[in-house]
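Peer 1: Per the numbering used here, residue 4 is the first one in the first sequence, and the count goes up by one each step.
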Amino acid sequence: MALRFHNTLSGRVEDFQPLEDKRVRMYTCGPTVYDLPHIGNYRTFVFQDVLRRFLKYRGFEVFQVMNLTDVDDRTIANSLAAGKTLRDYTEPYVQGFEIDRQLLNLEKPEVLTRATDHIDDMVKLIQKLLANGHAYSSDGAVYYRVHSFKDYGKLSKLDFTGLRDGARVDSDKYDKDNARDFVLWKAWKDGEPYWETPLGRGRPGWHIECSVMAMRYLGETLDIHSGGSDLIFPHHENEIAQSEAATGKPFVRYWLHAEHLIVNGEKMSKSVGNFYTLRDLIANGHRPSAVRYLLASVPFRKPLNFTMDGLVQAQKSLERLRNFQDRLTRENFPPGEDEALRAKAESELKAMEEALDDNLNTAEALAAIFNLVLEGNTAMDQGRFRAGNRDAFLDALARWDGIFAVLADDDYEKLEKFGLVKGIEASSEVSTAPPRRDSLAVPVGGASGPVIRTILSDAEIERRVALREEARRRRDFARADEIRRELEEAGVILEDTKAGTRWKRK
RNA sequence: GGCGCGGUACCCAAGUGGUAAGGGAGAGGUCUGCAAAACCUUUACGCGUGGGUUCGAUUCCCACCCGCGCCUCCA
C-alpha cells in the first residue's frame, strides 16, 4: 500500500501525494525561544524529523521550513525582566536549540528562520487582509474578522455559533468587533519592543508569522504542515483563515499533528516539577540517543507517557541493536550465503517500510527490526550465518537507522564537543547528581560553556582496561574483577570476547 | 458542555471479526575463570466496565467509568 497519513483536516488517513510530483513542501512549527525547549517540544520535533527522513527514504525531495518564534508575550516579558533587547535575550536560546538539534540528530530544515526577520512580509500580508475586508484596525491594532471567513473552524471542528460556556475571556484591552476576532498586529505598549511600519508602531500577533514564512518559502499551497496537537486551535485554524483569505487558495493539503507527551501519567508542568529539558536528562546521566529512541518509538498520534524507567528501557533496547550491529561487523562468517536468511533480511526490511508507510507506525517498524536482530543472532549462534548475508543485514540496519537515527554511539563525543560533558581521570569525580536546574537553563556555545556532567575519559578507560587485561593474563581474577567493578560504577561496561575486551558506556 | 487522543501482561507498546507483535524487567537453562553479550524455555484463557450484534469480539454497535489535550498567544 501507498504512503498514507492521518490528515487532521479530513479526520481520516489519506494516501499521500504531493502537489508537484516528488517534491514535498513542508512547514513545521518550531520552538519559541524564550527558554530551552522541553522534551514535549522534542516529541513533536523528533516526529517531524522522522517524517522528513521517511519522505526522503521514499524518494521524495523535501523542502522544509521551520520557524523560530522570537517575538511573543513570553519572549517580551522575559527580555524586559532581564533588561535585554529581544534579540540579545533570544539569541542564546536559538544557539541552545541548535545544540539540542544536533544532539538529537534532527536534520536541519532547508530553512530555519526567525519571525522577526520577516516583519515586512507580515505587514504586507496584513495590508492585503485590510484591503480585502478580512481585517480591520482598531486603536492602532489590526484584527482579523473571523466572521468574514466562512470556513473558519474547519480544521479544529469547533462550533462557533454563539458563545460557549466556559470560554476564556480575552485579556487584551483593545476593542474588537467580535470576541473571537484575533489580533494580527498589536499596537505598541510603553516599554515593549516595537517596529515602525505603515501599520503604525507595534509588533506582530502570533499567528501571522507562520502564514508569512510558509508562503514566502513554499508558495501559497503547502503539502504538509505539522506541529503539536495543541496548535490545532487557535494557531493553525487562524493560519488557514489568514492565508486562504489572502490568496483564495487552499493553504495546506495535509495537516499532521503530534499528540502530547505526558510524564508519569500526568501533564508536564513547571509547578508539578516534572518539566524536563534535554539538558536535565543529560545531567541525570541519560543519553540524547536514548531520548530520541524513546520519543520516536511511540507512533505520533498516540499520547506518549514519558518516564525515567522508560528512558532506561529505551537505552537498553538501543544497546541490543548496537550490539547486533557490532557483532555483524566484527565476527567472521563462513563463505557463501544462506538463502533463508537472505529472504528474512528482505522481508523484515519490507515490513519496516510498510509499517512506516502506514501513518509512520514506528512501533511496528521497531518490531520488524528486532525480529531481524533475533533471526541474525540465532543464525550466528547456530552457525548458519554466512559471510554473504552480512551486507544485507547491515544494509537493513542502516536503512532503518536512516529514519530512526540512533545507532551511532557518539553521544559523548558530541556532548564533549559542545562542552556539556567533560572527561576526567578519577572515578570518584565522575558526577551523577544533577546540578541546579537554573544553571541548566543557560545555553552554552562551546567548550567554555558550563559542564553539566563529568565522565571517565576514553584514555583513562583504555588505560584501566589494559591493566585488567594484564591481570587476566596473570590469572589474577580478583584484581581484574575489581577493575571491572570500578569501571562499572563509573558508567563503563566491559565485554570480554575472543578478539579482546570491548568497552562501552552505559 | 463541545471537539480530539487514549485505557492491552510488572513497565513501555503494536495489532486484528477467528482466538494476543516487539522491547524492557523477572525466573530457569546454555555459553563464560566469573561476568557481559547472545541463544533457549518461561511470564495476558486476557485486551477499562456493562450490555448488544455475530457461529465467533480485544477488534463492530450502545451506554458508562478513568487519563490526557484543545475550546484565543501552549509542541
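Quick reminder that beta carbons are idealized off the backbone N, C-alpha and C, glycines included.
Does DSSP put ASP175 in a helix, in a strand, or in coil?
Peer 2: Stepping through the first sequence from its first residue, residue 175 is reached at position 172. At ASP175 the pLDDT is 45, less than 50, meaning the model places this residue with poor confidence; the figure from the coordinates comes in the next sentence. Reduced to three states, the DSSP call for ASP175 is coil.
Peer 1: Quick check: what's the CA-CA separation for ALA118 versus GLU212?
Peer 2: On the first sequence, position 115 is the one that residue 118 refers to. On the first sequence, position 209 is the one that residue 212 refers to. Straight-line Cα distance between these residues: approximately 6 Å.
Peer 1: Do you know whose CA, among ASP184, GLY208 and LYS111, lies nearest LEU191's CA?
Peer 2: Position 188 of the first sequence, counting from 1, holds the residue named residue 191. A small correction: the amino acid at residue 191 is Trp; Leu does not occupy that position in the sequence shown. The option with the nearest alpha carbon to TRP191 is GLY208.
Peer 1: Name the DSSP bridge partner or partners of VAL65?
Peer 2: Sequence index remark: in the first sequence, residue 65 carries index 62 (1-based). According to DSSP, which records beta bridges pairwise, VAL65 is partnered with VAL27.
Peer 1: May I ask you to report which of helix, strand or coil DSSP gives ARG150?
Peer 2: Counting from one through the first sequence, the residue named residue 150 turns up at place 147. Reading the sequence as shown, one finds His at residue 150 and not Arg. Three-state DSSP puts HIS150 in a helix.
Peer 1: Which residues in the same chain as ALA138 place their Cβ atom closer than 8 Å to its Cβ, once the five residues preceding and following it in sequence are excluded?
Peer 2: Here residue 138 is taken as the residue at index 135 of the first sequence, counted from 1. For ALA138, where only same-chain residues beyond five positions count, the Cβ hits under 8 Å are ILE129, LEU132, VAL145, TYR146, TYR147, ARG148 and LEU187.
Peer 1: Could you tell me the distance, in whole angstroms, from the CA atom of PHE19 to the CA atom of GLY33?
Peer 2: For this step, residue 19 is matched to residue 16 along the first sequence. For this step, residue 33 is matched to residue 30 along the first sequence. Rounded to whole angstroms, PHE19 to GLY33 spans 23 Å at the Cα level.
Peer 1: Below 8 Å between beta carbons: does that hold for ARG304 and HIS41?
Peer 2: Position 301 of the first sequence, counted from the first residue, corresponds to residue 304. Position 38 of the first sequence, counted from the first residue, corresponds to residue 41. Taking 8 Å as the Cβ cut-off, ARG304 and HIS41 do not qualify as a contacting pair.
Peer 1: Compare the Cα-Cα distances from LEU161 to each of LEU331, ILE235 and ASN308 and report the closest residue.
Peer 2: Start at 1 with the first residue of the first sequence, and residue 161 comes out as number 158. Closest option to LEU161, Cα to Cα, is ILE235.
Peer 1: For TYR415, collect the residues of the same chain with a Cβ closer than 7 Å to its Cβ; drop the 5 residues on either side in sequence, then sort them by chain order.
Peer 2: Your numbering for residue 415 matches position 412 in the first sequence. Around TYR415: VAL424, ILE458 and ARG508.
Peer 1: According to DSSP, simplified to helix, strand and coil, what is ALA401?
Peer 2: Along the first sequence, one-based indexing puts residue 401 at 398. In this structure, ALA401 counts as helix in the three-state DSSP scheme.
Peer 1: By Cβ distance, which residues of its chain are closer than 6 Å to GLU367, with the 5 residues on each side in sequence left out?
Peer 2: To locate residue 367, count along the first sequence from 1; it is residue 364. Here the set comprises ALA358.
Peer 1: Starting from the Cα of VAL495, find the closest Cα among GLY426, LYS501 and PRO453 and give me that residue.
Peer 2: Here residue 495 refers to the residue found at position 492 when the first sequence is read from its first residue. Among GLY426, LYS501 and PRO453, the Cα nearest to that of VAL495 belongs to GLY426.
Peer 1: Let's see if you can read the secondary structure: which residues bound the alpha helix (DSSP H) around ARG282?
Peer 2: As a first step, residue 282 must be located in the first sequence, where it is residue number 279. 281–286 is the span of the alpha helix (DSSP H), which, as asked, contains ARG282.
Peer 1: Per DSSP, which one or two residues make a beta bridge with VAL186?
Peer 2: On the first sequence, position 183 is the one that residue 186 refers to. Its beta-bridge partners are TYR146.
Peer 1: Going by the CB atoms, is the gap between GLY43 and LEU264 shorter than 8 Å?
Peer 2: Here residue 264 corresponds to residue number 261 of the first sequence, with the count starting at 1. Here residue 43 corresponds to residue number 40 of the first sequence, with the count starting at 1. It is a contact, given that the beta carbons lie within the stated cut-off.
Peer 1: For LYS501, which option in GLY194, ALA343, VAL68 and ARG330 has the closest C-alpha, if you only look at C-alpha atoms?
Peer 2: In the first sequence, residue 501 corresponds to position 498, counting from 1. LYS501 has its Cα closest to that of ARG330, out of GLY194, ALA343, VAL68 and ARG330.
Peer 1: In chain order, what residues of the same chain lie with their CB nearer than 8 Å to the CB of MET4, ignoring the 5 residues before and after it?
Peer 2: Within the first sequence, residue 4 is the residue found at index 1, counting from 1. Closer than 8 Å at the Cβ level, and outside the excluded window around MET4, lie GLU357, ASP360 and ASP361.
Peer 1: Smallest Cα separation from VAL294: which of TYR37, PHE407, ARG7 and MET69?
Peer 2: Translated into the one-based positions of the first sequence, residue 294 becomes position 291. Among TYR37, PHE407, ARG7 and MET69, the Cα nearest to that of VAL294 is on PHE407.
Peer 1: Of the choices PRO291, VAL468, LEU284 and GLU340, whose alpha-carbon is the least far from that of MET383?
Peer 2: Translated into positions along the first sequence, residue 383 becomes position 380. Among PRO291, VAL468, LEU284 and GLU340, the Cα nearest to that of MET383 belongs to GLU340.
Peer 1: Could you tell me whether the Cβ atoms of GLU223 and THR200 are closer together than 8 Å?
Peer 2: Mapped onto the first sequence, residue 223 falls at position 220. Mapped onto the first sequence, residue 200 falls at position 197. No, Cβ-Cβ distance for GLU223 and THR200 is not below 8 Å.
Peer 1: Kindly indicate the opening and closing residues of the beta strand (DSSP E) around ALA257.
Peer 2: Sequence index remark: in the first sequence, residue 257 carries index 254 (1-based). Ala is not the amino acid found at residue 257; the sequence shown has Tyr there. Unbroken beta strand (DSSP E) run through TYR257: 255–261.
Peer 1: Per DSSP, which one or two residues make a beta bridge with THR504?
Peer 2: Taking the first sequence and counting its residues from 1, one reaches residue 504 at position 501. Bridge partners of THR504: ASP499.
Peer 1: So if DSSP puts ILE227 in a beta bridge, which residue, or which two residues, is it bridged to?
Peer 2: By 1-based counting over the first sequence, the position of residue 227 is 224. Its beta-bridge partners are MET29 and TYR257.
Peer 1: Excluding sequence positions up to five away, which residues of its chain have a Cβ less than 6 Å from the Cβ of PHE421?
Peer 2: Stepping through the first sequence from its first residue, residue 421 is reached at position 418. So the qualifying residues of the chain are ILE102.
Peer 1: Is the separation between the beta-carbon of LYS189 and that of GLY205 shorter than 8 Å?
Peer 2: Stepping through the first sequence from its first residue, residue 189 is reached at position 186. Stepping through the first sequence from its first residue, residue 205 is reached at position 202. Contact: yes.
Peer 1: Which runs of the alpha helix (DSSP H) spanning at least 4 residues fall entirely within the stretch 83–123, listed in chain order?
Peer 2: Counting only runs of 4 or more, we get 89–106.
Peer 1: Considering only their Cβ atoms, is the gap separating MET216 from ASN108 smaller than 8 Å?
Peer 2: Counted from its first residue, the first sequence places residue 108 at position 105. Counted from its first residue, the first sequence places residue 216 at position 213. No, the pair does not count as a contact, with Cβ atoms beyond the cut-off.
Peer 1: ASN241 lies in the alpha helix (DSSP H); which residues open and close that run?
Peer 2: In the first sequence, residue 241 corresponds to position 238, counting from 1. That run of the alpha helix (DSSP H) goes 240–250.
Peer 1: Helix, strand or coil: how does DSSP classify SER141 here?
Peer 2: Your numbering for residue 141 matches position 138 in the first sequence. Strand at SER141.
Peer 1: Looking only at DSSP bridge pairs, what is HIS41 linked to?
Peer 2: Counting from one through the first sequence, the residue named residue 41 turns up at place 38. Paired residues: THR280.
Peer 1: Taking one C-beta from the stretch 344–356 and one from the stretch 392–407 each time, how about it: are there three or more such pairs within less than 8 Å?
Peer 2: Verdict: yes, contact present.
Peer 1: Identify, in the order they occur along the chain, each residue of the same chain with its Cβ nearer than 6 Å to the Cβ of VAL16, setting aside the five sequence neighbours on each side.
Peer 2: Sequence index remark: in the first sequence, residue 16 carries index 13 (1-based). Excluding positions up to five away in sequence, the list reads ARG7, HIS9 and ASN362.
Peer 1: Please identify the residue among MET311, THR78, ASP73 and ALA343 whose C-alpha is closest to the C-alpha of ASP283.
Peer 2: Here residue 283 refers to the residue found at position 280 of the first sequence. Answer by Cα proximity: MET311.
Peer 1: Go through its chain and collect everything with a Cβ distance to ALA299's Cβ below 6 Å, but skip five positions before and after it.
Peer 2: Walking along the first sequence from the start, residue 299 turns up at place 296. For ALA299, where only same-chain residues beyond five positions count, the Cβ hits under 6 Å are VAL49, VAL53, THR365 and PHE407.
Peer 1: So what's VAL266 in DSSP terms, helix, strand or just coil?
Peer 2: The residue labelled residue 266 in the question sits at position 263 within the first sequence. In the structure shown, VAL266 sits in a strand (DSSP, three-state: E or B).
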